[in-house]
Each structure stands twice: as C-alpha cells, then as structure tokens.
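From first to last, the protein sequence lines are chains A and B. Be aware that the first sequence starts at 0, since it is given in numbering that gives the first Met the number 0, and climbs by one per residue. Be aware that the second sequence starts at 0, since it is given in numbering that gives the first Met the number 0, and climbs by one per residue.
Protein chains: 2
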Amino acid sequence: MERTLISDAPRMIGQYVKLAGWVNSRRDHGKLIFIDLRDRTGVVQVVVIPDKESAYQNAKDVRSEFVVEIEGLVKERPGGQSKEDRVGKIELEAAKITVISRVEAELPFDVAKNELDVNLNTLLDNRNLVLRNKKINDIFKVYAELLKSYGDAMRERQFREIKTPKIVSAATEGGANFFKIRYFDRDAYLAQSPQFYKQAGVGAFERVFEVGSVFRAEPHFTTRHVNEIIMLDAEMGFIDSFSDVMDQLEFVMRRISSDISQNCKEELVEYSGEILVPEKFPRIRLTEALEILEKEYGKKSEDIDIDPEGERLICEWAKKTHGSDFVFLTHYPVSVRPFYSMPSEDGQFTETFDLIFKGVEIASGGQRIHHYEQLKNNIIKFGLKPEDFSDYLEIFKLGMPAHGGWGLGSERIVQKILSLDSVKEAILFPRDVKRITP
Amino acid sequence: MERTLISDAPRMIGQYVKLAGWVNSRRDHGKLIFIDLRDRTGVVQVVVIPDKESAYQNAKDVRSEFVVEIEGLVKERPGGQSKEDRVGKIELEAAKITVISRVEAELPFDVAKNELDVNLNTLLDNRNLVLRNKKINDIFKVYAELLKSYGDAMRERQFREIKTPKIVSAATEGGANFFKIRYFDRDAYLAQSPQFYKQAGVGAFERVFEVGSVFRAEPHFTTRHVNEIIMLDAEMGFIDSFSDVMDQLEFVMRRISSDISQNCKEELVEYSGEILVPEKFPRIRLTEALEILEKEYGKKSEDIDIDPEGERLICEWAKKTHGSDFVFLTHYPVSVRPFYSMPSEDGQFTETFDLIFKGVEIASGGQRIHHYEQLKNNIIKFGLKPEDFSDYLEIFKLGMPAHGGWGLGSERIVQKILSLDSVKEAILFPRDVKRITP
C-alpha cells in the first residue's frame, strides 16, 4: 500500500490510507488512545479504539519519536478544527499500526512543544532531536528558500554559477586566520573566501556567482561568528563604478526579501519576522554615518570605522528615517580594507561598501583594482610581497575590465530575518572554536 | 553612455552604441583595421577606417585580449553573415576606441582559435587565459546548467536543500584518505562526504539534498579522479526499498539530460555531445553484469567487483542492447561497500547501486541501515569501533525511517556529456596530488 502524505489526507475523507511518520505525542485516555503523527508535511491526530485490538496494543507501546506506519480511515474530526492548528480538521481512525523504529534513548525534552525554551548549548548538543521541533525545523525552510532565491536572482541577471577550490596553496590576504591542512607532502590552506577565483571568473565569464563554504580560523566567541559558513559571492565586470555593484546587490536582497515573504509566510508569522524593504536602500558614507551616530546617539568613534554597536544604531536610524531594514555604508578608509580594494580619488578612502541589515553586517563588497601595476604597487604599499601573489597577479596581466562584487553571509540573513539570538541557530551543524561535533 | 551587449546589437542597426569587451583578434589590412570584439554574449566585427583618426591610432595599438570600449555605428555587414558564425550579420563602424586594460604578458597561444589543441598541463597551467577560449568556456555553461537542473529536480520532488559542515572531528568510514587540518588547539579533518549529516537530515526533513565540496586524499593519477570535487548528494526517508532511490535518481538524470539538451544545444553540437536516455534505465545485478562481461567480451573477474574497463564495457553493452547511456549496477557485495549499507536478505550482498554513465561511475548509492542495534553490530563486524561513531549512532537512537540516497559526481557528468579526456577539464581550477594552483 502506497504512503499518503498528511497534507494530502484532508482530500481523502472516507478513504482507507497508510500514513507514515514520527509520533509527535501520544495521549492515553483510558479507553481511547490519541497519537499525533508527524511527517514532513504536517501533523494529524490518530484515534485508536480498543476494538482494533492489535493496533491498540501497539499504540500502548509507542512513545514520542517512534517511527510508525498507521493504516486507517480518514474521517472528519468531530468538533472540527482543534485549537492546535497543525492537527487540522481531519483525523485517522487507526486499523493497523506498525512500529518501524523505536527510540533507544531518554529524550531530554519534548520536541512536540511549540517553544522548546532551552539554551543555545542544549540546542546544539541535541541537534538531531532539536531539528525535529517544528519551529526550529522551519528555520531551515527559510534557509533553503534563501539559497533558491539567490540562485534565481543571479541567473536572472546573467551571472554564471561557478564552483572554486576550497583548498588553496597560500594563506594570502595578510595570512592570518587560515586553517592549515596537510596536503600530501606539503602544507595547504582552507579558502577564507573565493575572492581571487571569482575575480579570475570575471576574466572568463564577466559575471559569476558562487554558493560555497568558507573557513575562518578566527577565535571569536560572539553571536555573529562561526568558523565555517556558506558565502553567497558574486563578481561582475564592466562596471562604471561600485554603485553598479550595490545596484545588483540591492536587486538580490529585494528578491530574497520578496521570495521569503511570499513562500515562507507561516514561518515569518511564527517568528514575528518582517523585512522592511524601502523604495531605495539608503547609501551613506561611513564618515556621515559616524556623524549621525555622534549627533543622534552620542556615540563617538576614535577611528574612522564602525563597531557592532554602531552598526546596530545606524540600522535603528535607517529604520526610523528611511523605513528600511537595509543600509549601505560606503567609502571605508584604505586602512580597514584589503589591498585589492579600489582607492577613491582622494586616496584615503575606497570604493567599497558594507551592507548592514537589521543591525548586522551581512555583506561586504566594492570595486577592485583591475590594473596590474596599480595592484602590484598596492600589495607593496600594504607591506605584502608581490611574489606571494604571483598567481593572482597573473590574472591582471591578461586584460581585466573594471569590476567589483560582494560576499554575502547566508546564515546572518536568516538569523536576522527570524530574530535568532545567535547565527549558530541558523546553521544545521555549526562549527565554532569549541564545537566540531556532531 | 550605456554599454550595449553584442547579442543586442543586431536589433540596433543604424544606431550609435557603445560595446565593451575583449579583443578576440585584430587584423590590419593596411587601410582598414578589423577587430573582432568579444563579450559574454558573443563576438562582433568592428571596422576601423583611417578617417576616424584617434580610433584608428588606438586600433593600431590594441592586441589580443586587451579590454576595450568601442563606440560606433551598427551596420548591416556587407556580404551578410560570414563563414565564421560567431561574428554574425552585423558589424560596428568604430568612431571611438578606449583601451581599458592592456595585456602585460606574452600570450602562449591564440585563444580566439576554435580548437586550442594544447595538452592538459597547458590547459591547466594557463587556466585564466584558456578559460577565455569559447569552446573551453562553454564547458562551464553546461556545468552551470547542471547545477541549476539538479536543484530544480530535487525541489520538485520536495527535497530540502541543506548545507552541512566540511570540517569534521573524526576521520571515519575506515579512516583512510582524509585530509587532516589543524583546528585551533586540536586536529580535525575535511569531510569526504556529507553521508552522516545527510542521514541526520532525513531524521529532520525526510528528504534532503546538498551541493557541496568534498575532499579526498587519494593519491590517484587518473583521468577520473581529483582531490576536491562538488558532490550532488541526496537522501530520502520512508522508502520501501532501494528501488525508490534509483527511481528518484533516474528522474534527476532524465531532467538533467533534458535541460542540458534544451538549454545547451550549441555547446552539445560543438562537442558532438549527445545523451541516450531510454524509456527506463537498465538495472542489472553486479553478478549478472560480470557474466555479461565474460560472455560478450571475454573479460573475467577474480572478485565480485567491476573495474574501470568493466564499467566501460558494460556501458557499451547497455548502449547496444538498451539504447542507453545509463546503466544501474545493483547488489554489490558487503565486502566492497561501507558498513552502513543495508545488507540484502542473503547477507552476502547489499541493497546498493552504482550508476554508470558513458563508461564511468557517476553515482553511488543505496539503502542504509536504519536500526541502532543492527548498525552498531555492523560497525563491529567491519572491525571498527562503535565509540568512534558515537555521534553518528546517536541519530539512530531517535527513531529513523528506512532511508537511502546517493552521491553524484558533478564534474564527471559534464566530462562524459562533452567527451572530455579528463575530469579536470570540467573543473575551473582542479586540485590533484601535484596541483593546488592557481
């Protein structure tokens, strides 16, 4: 007998079907036993009556999270829809219950609850169980929608999807924060970003995007950092200025916001998530932002840079004055940007930006230097050695157009849309300084 | 002035436009200079006449692969479409030529040629230049189409896209062939496959897929192996048997074949690529395949296993007798499969398969053991220690449905569709034992 999905059952009132899934909960009412059965499409109430002897015996035996197959008759639910929305307006009168898998462990909490209400360590230590909770599980529906939406948006703009190596020969970009690996008879490193490869991609395809793992050996202990993330990268050639790059990123974020709002309605309600997308994302110079912070919030900066608190406040300001959850900060000083950043005409700032979303930086980007000599000189100016970048410099000997791009952190987007306390909650199996299991 | 893409120019005859791209070739005919200009959408012939003095001077100066902007009048081409298809039936009469970037290196070959005709090392050593050759570049159009098609197919079948960690705490599955990394104050490893994590995903989402990097420290020197690849993984719960898994994979390969045939028509012609997709992919037991090899090709096997030559021959047979470029080999012996493979009833074979495509294994899959005790016992039977797999075993204490899945090598699919000699040609920047640059 073919399995029926729970979401299809309401169309099958009066029919005998087989459902399969996990026991979300079981309630023994003396004579009647109620099982809430869960599959990937929903939850349904199963009623087991003593007359169906073998089913009844099995129902007495099952516990939460057992995997079962249940055959029976789909009926309209007496009293109609329950207060508990998920269970819906039908029920199954069980005729046969087969236990597929039993639970062999004590369950530390009840995953059927609406709110787990456990701390972050418990969430991560019991990941396999936790992910069965509907509200937690739904985070990854939003995450999957984000991945789809990003690809769709980039393809619509004629970006070519590429995959670049994560094992690299040198720890570049200054050298710090790379994980070292043993690669046969030599050392190699894990890529911190596909930066050099996506720039090479511009030379071949003009416009490229990549969805891939990046690895950062930063000993951070914050709610914003982990050591392995999925970056949504893009790079585009033949730009007139780095505004073109911001235009594309704005298009992408507008698309992501609208796809998630449309296709994850229920999840947004569950998390009270909303995304304020204005007509036009505000774009303000970093120096201007620092002035606003001082004037509006009495927050002074010693350097021309912005800290996490500043990012949070400038988003407050953008929301208040522009009705926007997004704000581009532009023209970061040369001193806080990588050597390949295109300097502005003044020589002190760069044609770069960060995109701040709901108080957190989600993307960093800008125009890159595309002339060989200028790039080589900048490497020297940064106290680095051109010979350490020979493969990279090679790209610029071959004729490169003006270009720029961004790296966009996928997990932070989901974290902020759903107001999760930590970015780790938006990752199936996060990796931090202390955690490389499960 | 806005840039016009070359593919849009034929609709703009009589208009003054700005094109931008790379100099594909330049021919100085004494009085007239012809430049073939290339952008991501095509190639167009630019005519430069001495009357336009500054343009003419710049045209004398440009060389292959310079990046230029050219303004001028779009005209119908005298004599109509050239033999050289790419250039098309229009030309641009240059009024202004601006050099954006010069080439600062000697070019070792002419990338404008239809066939580069260089060996694999040259292809890989000069990757940034080589990728500008149309025929090579087109490999990655097919590759991008594959990525899109795989995601579309999986989502249509309600698989949830997930991303799992590539840094893992233990070198499992036997322990060999893992790259070791230094992770803060301890050792860790690079994931060889998302196997354990996607099985965990079944517990949470029933059906999952992942497109991600996997790393294999295998010292191979073949045309089929590299040390870092992109795997197209999937895992599904509530299967009746491993036929369900093959059904899904067959659906996916059918979709990929049809998407690539439809959307990469020109590229398939260029590579004389075709894909024979039968009504139903043949599925034969490995032992049967070995009998066929002996009977039809006189090839004897000492063990119940198939080598690369056998895979090539069995595809020849499948093509001849079933009109199929695909063939599933099923029921591999326990001895050649990982410990988590579901044994067949006979205890000697497993509920597993390989999918062979045009002579090469592109996918491996099957049903997995889903009961805790059976899995623990199998780990012991394989001479491994259950305590080394405690995180993995944890999954099976929580109630798991019957499930199975596959790992599908993305690069080999493209290699075989386009009949590339080596899988490395299907990878932008391949990583092998000797090569971790560029």
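Positions of the beta carbon are idealized from the N, C-alpha and C atoms, including for glycine. In this text the structure is predicted, and so the values were computed from the model without any measurement.
When the five nearest sequence neighbours on each side are left out, the beta carbons in the same chain lying within less than 6 angstroms of the beta carbon of valine 47 of chain B are those of Ile32, Ala54, Tyr55, Ala58, Ala93, in order along the chain. If you draw a straight line from the Cα of glutamine 44 of chain B to the Cα of arginine 367 of chain B, it comes to about 58 angstroms. In the DSSP annotation of this structure, the continuous segment of the alpha helix (DSSP H) that includes asparagine 127 of chain A starts and ends at 126-129. At a beta-carbon threshold of 8 angstroms, the residues of chain B lying near lysine 396 of chain A are Val102, Glu103, Ala104, ordered along the chain. If you look at lysine 17 of chain A, you'll find it in the beta strand (DSSP E) that goes 15-28.
Per DSSP, reduced to three states, the secondary structure at arginine 154 of chain A is helical. Taking 7 angstroms as the CB threshold, phenylalanine 177 of chain B stays off the interface with chain A. Following the DSSP letters along the chain, one finds isoleucine 69 of chain A inside the beta strand (DSSP E) bounded by residues 66-75. The beta carbon of serine 212 of chain A falls within 7 angstroms of a beta carbon belonging to chain B, placing the residue at that interface.
In the structure shown, alanine 362 of chain B adopts extended strand secondary structure according to DSSP, grouped into three states. Listed along the chain, the chain B residues whose CB falls inside 8 angstroms of the CB of aspartate 246 of chain A amount to none; the nearest CB is some 13 angstroms away.
Counting along the chain, no alpha helix (DSSP H) covers valine 117 of chain B, and no H or E run does either.
Taking a C-beta distance under 7 angstroms as the contact criterion, leucine 189 of chain A and leucine 407 of chain A do not qualify as a contact pair.
Taking a beta-carbon distance threshold of 7 angstroms, phenylalanine 158 of chain A does not count as an interface residue toward chain B. Take glutamate 227 of chain A, set aside five residues on each side of it, and the residues of its chain with a beta-carbon closer than 7 angstroms to its own are Ser212, Phe214, Arg430, in chain order. Residues of the same chain with a CB within less than 7 angstroms of the CB of valine 225 of chain B, apart from the 5 flanking positions on each side, are Val422, Lys423, Ile426, Pro429, Arg430, Asp431 in chain order. Residue pairing for arginine 37 of chain A: DSSP places it in a beta bridge opposite A/Trp21, A/Val42.
Between asparagine 125 of chain B and isoleucine 394 of chain A, the beta carbon gap of about 12 angstroms keeps them out of contact (Cβ cut-off 8 angstroms).
For glutamate 393 of chain A, the uninterrupted alpha helix (DSSP H) run begins and ends at 389-395, by DSSP. For valine 98 of chain B, the uninterrupted beta strand (DSSP E) segment begins and ends at 89-100. Inter-segment contact for the segment 257-277 of chain B and the segment 155-172 of chain B is absent: fewer than three beta-carbon pairs are separated by less than 8 angstroms.
Under the Cβ distance rule, arginine 39 of chain A counts among the residues neighbouring chain B, one pair being separated by less than 7 angstroms.
Interface residue (Cβ-Cβ distance to chain A less than 7 angstroms): leucine 267 of chain B is not classified as such. Separation of alanine 111 of chain A and leucine 130 of chain A (C-alpha to C-alpha, rounded to the nearest whole angstrom) is 11 angstroms. When C-beta distances to chain B are compared with 7 angstroms, the residues of the segment 224-246 of chain A below that value are Glu227, Ile229, Phe237, in chain order.
Residues of chain A whose Cβ lies closer than 7 angstroms to the Cβ of threonine 436 of chain B are, in chain order, Ser168, Asp390. For phenylalanine 65 of chain B, the chain A residues whose C-beta falls within less than 8 angstroms of its own C-beta are Gly398, listed in chain order. Of the other Cβ atoms in all chains shown, 16 or more fall within 10 Å of the Cβ of methionine 153 of chain B; this residue is therefore buried. Taking 7 angstroms as the CB threshold, asparagine 127 of chain A lines the interface with chain B.
Three or more pairs of CB atoms, one per stretch, sit closer than 8 angstroms, so the segment 331-341 of chain A contacts the segment 360-374 of chain A. Listed as beta-bridge partners of valine 210 of chain A by DSSP are A/Leu231. In chain B, no part has a C-beta under 8 angstroms from the C-beta of valine 422 of chain A; the shortest such distance is about 13 angstroms.
Secondary-structure assignment with DSSP links serine 192 of chain B through no beta bridge to anything. Assigned with DSSP and collapsed to three states, isoleucine 238 of chain B falls in coil, not helix or strand. Against chain B, a Cβ distance below 8 angstroms from glutamate 205 of chain A picks out Asp38, Arg39. Selection A/Phe204, A/Gly403, A/Arg159, A/Asp38 evaluated against isoleucine 238 of chain A yields A/Gly403 as nearest (Cα-Cα).
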